[in-house]
Each structure stands twice: as structure tokens, then as C-alpha cells.
Amino acid sequence: GNSVTQMEGPVTLSEEAFLTINCTYTATGYPSLFWYVQYPGEGLQLLLKATKADDKGSNKGFEATYRKETTSFHLEKGSVQVSDSAVYFCARSYGNNRLAFGKGNQVVVIP
Amino acid sequence: AAGVIQSPRHLIKEKRETATLKCYPIPRHDTVYWYQQGPGQDPQFLISFYEKMQSDKGSIPDRFSAQQFSDYHSELNMSSLELGDSALYFCASSSGGTGSNYGYTFGSGTRLTVV
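One line per chain: the protein sequences are B and Z, in this order. Sequential numbering of the first sequence, starting at -16, is according to our numbering. Sequential numbering of the second sequence, starting at 10, is according to our numbering.
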């Protein structure tokens, strides 16, 4: 299939803590991988991407590395801020120009 | 920079009514995609257009139709609305029909509520 799996449940952490959100994908073909962020009441914003194995996407302090051997694309940030509170979606490309999304993770950063 | 514009932002309709959602892509983008995001769900692909022709079709109900016009804007027409159609509808655009390789740009969405 063309599925994307994200870790279950919301993530609550304190400001300046280290954030990790796990994402794995089915190894069908050689997809491009993405993280999108959705702030409350807003649309999906592309946070970062990686188009081939071992690529590292980075933006606004967030990073994710395309790991073909573990079919993973985990999102990390070293020191989160309250403004990072949002829902984060992992996604992969598939088919004729589609994106398949994971279920999303609500991240709540407490001051 | 100009983004993808969707209108309206919010729409309330009654069951069995019709709704039309509009999407204006980023200038010079020729490809438009529609996604549906139910409450607490991940976005699901509905349909896409490249150069005014349907390029791909996903899980779009037969009650829905869409098209892309000569100015590249797109409209999603939804008839015989059901309660389950209540969702956030996103439009995205890209250039050259290869958006999923590099990531599309999404609009802010239209929130449709069917009552």
C-alpha cells in the first residue's frame, strides 16, 4: 500500500523540551516525504521535505531524515516553543501526483 | 507572495442542498488538487486537474464534480449534500503536474457544515 503511520496520541511537552514525532511509510517505490503543519483553524503548511534516501529536510528548527533502511521520516526539534503548538502530518507521494497523509499528531507546548 | 485562495472560508448548507467551492491557484500554477479532511481525520485526495483536464480521481463521491477553467481556477460542486460531507475542503496547486514530488501549496480551506 501507500500508507503512512504516525505514533498514536497527542504530544504534550514543556517549552524548550526536545520533540520527536515518529513517522514510518510503506516501502512502495521511492516516494518523496513531507511534514505538514496545521495551526488551529488554518490550512496545511509545508514544513519540510525530502525527495530521496538520506536527504535531510529542515525548516524553522525542525529536521527529518529520509531513512530508506527503516522506512522512516521522524520529525525532531531540539527546543520547542509555545508557538509550535499545532497538528503535524507526515505525508508521502504516491500514484499520479497524490499525497497520502498520516493521522496527524496534536502537539501542545506548555509554557 | 500570492498563495492559494479558497472561497468561501466557511459555508453552512442544509441536507440535500448544493454547494460550490472555489479555488484560485498560485499564479502560473497549472495543476490543482482537492482534498477532504473530516473532523479529526487526515486529508483524503478527491481529484486533480492539470492544464484544465482531469488528471487523477480519488475517493470522490458521484454526487461531487469538479472542473478547472481557462484561468486555471477550479470549482468543486457538491450536490445532494449529506451530513457526512461536513469537512474541511482543501485545494492545493503546483506547476507542471509534479507537485507530489516536491510538495504542493495548500490553501486555507473551506469549512463546510451540513445541517
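Don't be surprised by glycine CBs; every beta carbon is placed ideally from N, CA and C.
Query - Against chain B: residues of the region 66 to 99 of chain Z by CB proximity under 7 Å - result: Gly67 and Phe99
Requested in this report: Out of Pro94(B), Phe1(B) and Val92(B), state which residue places its alpha-carbon closest to the alpha-carbon of histidine 57(B).
Outcome: Within the first sequence, residue 57(B) is the residue found at index 74, counting from 1. Looking at the Cα atoms, Phe1(B) is the closest of the given residues.
Report task. With a floor of 3 residues, list each beta strand (DSSP E) that falls wholly inside the region 49 to 112 of chain Z, ordered by position along the chain. Result -> 53 to 59, 62 to 66, 73 to 77, 83 to 87 and 96 to 103
Report task. Closer than 9 Å, Cβ to Cβ, to anything on chain B: give me those residues from the region 32 to 52 of chain Z, in chain order. Result -> Thr40, Tyr42, Tyr44, Gln46, Gly49, Gln50, Asp51 and Pro52
Query - Contact the region 76 to 94 of chain Z vs the region 14 to 29 of chain Z: 3+ CB pairs below 8 Å - result: yes
**Report entry** Where the region 23 to 35 of chain B meets chain Z: residues whose CB sits under 8 Å from a CB there
**Finding:** Glu25, Gly26, Leu27, Gln28, Leu29, Lys32 and Thr34
Report task. Please go through the region 2 to 28 of chain B and give each complete beta strand (DSSP E) segment of 3 or more residues, from N-terminal end onward. Result -> 2 to 4, 6 to 8 and 16 to 21
Requested in this report: Count the C-beta pairs between the region 48 to 55 of chain B and the region 65 to 80 of chain B that are closer than 8 Å, then say yes if the count reaches three, no if not.
Outcome: no
Query - Alpha carbon of serine 104(Z) to alpha carbon of glycine 24(B), nearest angstrom - result: Taking the first residue of the second sequence as position 1, residue 104(Z) is located at position 95. Taking the first residue of the first sequence as position 1, residue 24(B) is located at position 41. Their backbone Cα atoms lie some 27 Å apart in a straight line.
Requested in this report: Could you check what DSSP says for valine 63(B) in three-state terms: helix, strand or coil?
Outcome: One-based indexing of the first sequence puts residue 63(B) at position 80. In the structure shown, valine 63(B) sits in coil (DSSP, three-state: anything other than H, G, I, E or B).
Query raised in the report: What in chain Z is Cβ-close to phenylalanine 17(B), meaning under 7 Å?
Result: For this step, residue 17(B) is matched to residue 34 along the first sequence. Gly112, listed in chain order.
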